[in-house]
Each structure stands twice: as structure tokens, then as C-alpha cells.
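Counted the way the numbering used here counts, the sequence shown spans residues 4 to 136. Just so you know, even glycine gets a beta-carbon here, dropped at the ideal spot from N, CA and C. Have a look at the structure below, then the notes.
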Amino acid sequence: MFDFTPDMSVSQFSSLQLAYIGDAVYELYIRTMISKDKNIPVNKLHREATTYVKAKAQSDIIRKIEPYLTEQELSVYKRGRNAKANTAAKNADIVDYRHATGFEALIGYIYLKKDFERLDEILKLSFRMHNES
Numbered sequence: 004m005f006d007f008t009p010d011m012s013v014s015q016f017s018s019l020q021l022a023y024i025g026d027a028v029y030e031l032y033i034r035t036m037i038s039k040d041k042n043i044p045v046n047k048l049h050r051e052a053t054t055y056v057k058a059k060a061q062s063d064i065i066r067k068i069e070p071y072l073t074e075q076e077l078s079v080y081k082r083g084r085n086a087k088a089n090t091a092a093k094n095a096d097i098v099d100y101r102h103a104t105g106f107e108a109l110i111g112y113i114y115l116k117k118d119f120e121r122l123d124e125i126l127k128l129s130f131r132m133h134n135e136s
């Protein structure tokens with residue numbers, strides 16, 4: 004997708020930067036998935052998308068997919084979860100917010116590593132786990 008300069012590696016991104024990227028990647032995936040088979044008004048699509056991307060939903064998802072993560076992925080998730088953000092959770096419990104940040108950091112990490120096969124696996128698993136709850 005994107006070609007980074009040779010001196011730029013995933014390890015140079017902070018956990019919060021990974022979460023920032025991961026948030027966008029995950030939201031785009033969710034919007035695509037809920038839109039592809041439906042011809043409904045955008046405001047209804049938005050309401051459905053928020054059920055996936057809100058902190059509580061992401062927190063629930065990461066707890067369910069944790070057993071499927073590699074040691075490295077688990078490490079990235081935990082670093083993101085434990086990162087000190089300068090912003091407070093707006094509509095979420097702080098614990099859920101931290102878990103969601105870790106989830107987003109994981110998505111950003113896999114995306115920036117350009118491991119699109121693994122990204123697809125994790126996103127599909129996350130989507131399925133959300134729909135099973």
C-alpha cells in the first residue's frame with residue numbers, strides 16, 4: 004500500500020501513533036463490511052459502525068481474540084493498552100478505553116508491517132467475534 008522511506012520502520016512509531024493509524028484502518032474496514040451488502044441510509048450505517056468502533060466493543064473484541072495473537076502481537080497490544088494518553092475517554096470506561104487503544108495499536112502495527120494477510124485474518128476474526136456477542 005504505502006511505501007515508507009528505508010530509514011522508517013514500524014519500531015519507530017509510538018504505541019499511540021500505532022493506535023492512531025489502527026483506528027483509521029479498523030474504521031475503514033468496518034465501514035466497508037457493513038456497507039457492502041446493504042443499501043441503507045448513511046446515518047443508519049453510521050449508527051451500526053459505531054457499535055463496532057466504540058471503546059467498549061473494541062475492548063470486548065480484543066479480550067476474545069487474545070488467544071489467537073502471537074507473542075509479538077500480544078506485546079504490541081499490551082504496550083498500546085498501557086500507553087499514557089494525554090486525552091481522557093469521552094464516552095467510555097477508562098479500562099475499556101485502554102484496551103481499545105491496545106487493539107487499535109495492534110491493528111496499526113500489523114498494517115504498517117504490511118502483513119496484509121495477517122491483518123485480514125485479525126479483522127475478519129474481530130468482525131465475527133463482535134457479531135457473535
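Exercise. Note down, in chain order, each residue of its chain lying with its Cβ closer than 7 Å to the Cβ of G105, except the 5 sequence neighbours on either side.
Key: In the sequence shown, counting from the first residue as 1, residue 105 sits at position 102. Here the set comprises I65, Y80, K81, G83 and R84.
Could you give the distance in angstroms between the alpha-carbon of F16 and the alpha-carbon of V56? The sequence position of residue 16 within the sequence shown is 13, counting from 1. The sequence position of residue 56 within the sequence shown is 53, counting from 1. Straight-line measurement puts the Cα of V56 at about 22 Å from the Cα of F16.
- Shortest alpha-carbon distance to H49 belongs to which of D63, T73, Q61 and I33? What you label residue 49 is simply residue 46 of the sequence shown in a count that begins at 1. Closest by alpha carbon: I33.
- request: Taking only the alpha-carbon atoms, compute the straight-line gap between T8 and E124 and give it to the nearest angstrom.
  value: Sequence index remark: in the sequence shown, residue 8 carries index 5 (1-based). Sequence index remark: in the sequence shown, residue 124 carries index 121 (1-based). Note on T8: pLDDT 48, under 50, position unreliable in the model; the coordinate value appears next. Taking the straight line from one Cα to the other gives about 27 Å.
L21 and G111 - do their beta-carbons sit closer together than 8 Å?
Here the question's residue 111 lines up with position 108 in the sequence shown. Here the question's residue 21 lines up with position 18 in the sequence shown. Contact flag set, yes.
message: By alpha-carbon positions, which one of S18, K47, S14 and P70 ends up nearest to M132?
response: Position 129 of the sequence shown, counting from 1, holds the residue named residue 132. Answer by Cα proximity: P70.
Which class does A58 belong to by DSSP, given the choice of helix, strand or coil? Start at 1 with the first residue of the sequence shown, and residue 58 comes out as number 55. DSSP places A58 in helix when its eight states are reduced to three.
Quiz item: Q75: buried (16+ other C-beta within 10 angstroms of its C-beta) or exposed?
Solution: Here residue 75 refers to the residue found at position 72 when the sequence shown is read from its first residue. Burial call: exposed.
Subject >> T8 in three-state terms, based on DSSP >> reply: Position 5 of the sequence shown, counted from the start, is the residue given in the question as residue 8. For T8, the predicted model reports a pLDDT of 48, less than 50, meaning its position is unreliable; a value from the coordinates is still stated below. Here T8 sits in coil by DSSP.
### Message
Please classify A88 as buried or exposed, where buried requires at least 16 neighbouring CB atoms within 10 angstroms.
### Response
Residue numbering aside, residue 88 sits at position 85 when the sequence shown is read from its first letter. Around the beta-carbon of A88, fewer than 16 other beta-carbon atoms lie within 10 Å, marking it exposed.
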